[in-house]
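Residue numbers (the numbering used here): 163 to 381.
Ideal Cβ positions, reconstructed from N, Cα and C, are used throughout, including at glycine.
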């Protein structure tokens, strides 16, 4: 029987999966190719836990002030006073239960597979991090899911479907196949989105994914 993880454990696993951390647990970079800069602050919360991490280049007195803020509004005020907030991302975080997927309807996205032009225009390539799977319609991959963050304990999903094919359950189909392959590797399949992205939250429900917390990024 698989071990049941507490919400705090899941929050920490996602933290280690999403970011490269320095020796002091600060945010050194986003765990993606090229190691993009991390947000100035990342807050992970559940009903009983609150974990705050600050980017590694933030001066120590400033970092201490931010870490001492126990209310979201105070933290937001401190970060805004430090510098204008350029980007804010906030939404639920899920863990996907053990799944099987209908592999006959899924392809591995690789050389020789054609991506729909809309996906190509949005920057999707054939070399995204595995598992990288897609759903084909009319000879082209129209829905894709890949490991946007890859860690030793978990992977996190990156998912997109061509506009004309949305609302048909293809995103959930691709995400299910991705999650199944991640789980076969012995890692957790994590899925997160924003509160505004209702369609993405529907995918999580179709996967019967369990919400374990909320992510809040301030850059």
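- Contact between the region 228-237 and the region 309-321 is absent, with fewer than three C-beta pairs closer than 8 Å.
- Contact annotation: the region 368-381 touches the region 339-358, with at least three C-beta pairs closer than 8 Å.
- With fewer than 16 neighbouring CB atoms inside 10 Å of its own CB, residue 239 falls in the exposed class.
- For residue 175, the enclosing alpha helix (DSSP H) starts and ends at 169-180.
- Rounded to the nearest whole angstrom, the C-alpha separation of residue 300 and residue 327 is 11 Å.
- The beta carbon of residue 177 is closer than 8 Å to those of 183, 204, 206, 213, 215 in its chain, skipping five residues each way along the sequence.
- Nearest in C-alpha terms to residue 361, of all of 334, 270, 294, is 334.
- When the beta-carbon positions are compared, residue 336 and residue 307 come within less than 8 Å of each other.
- Straight-line measurement puts the Cα of residue 329 at about 42 Å from the Cα of residue 219.
- Looking at the backbone, the Cα of residue 172 and that of residue 342 are separated by about 18 Å.
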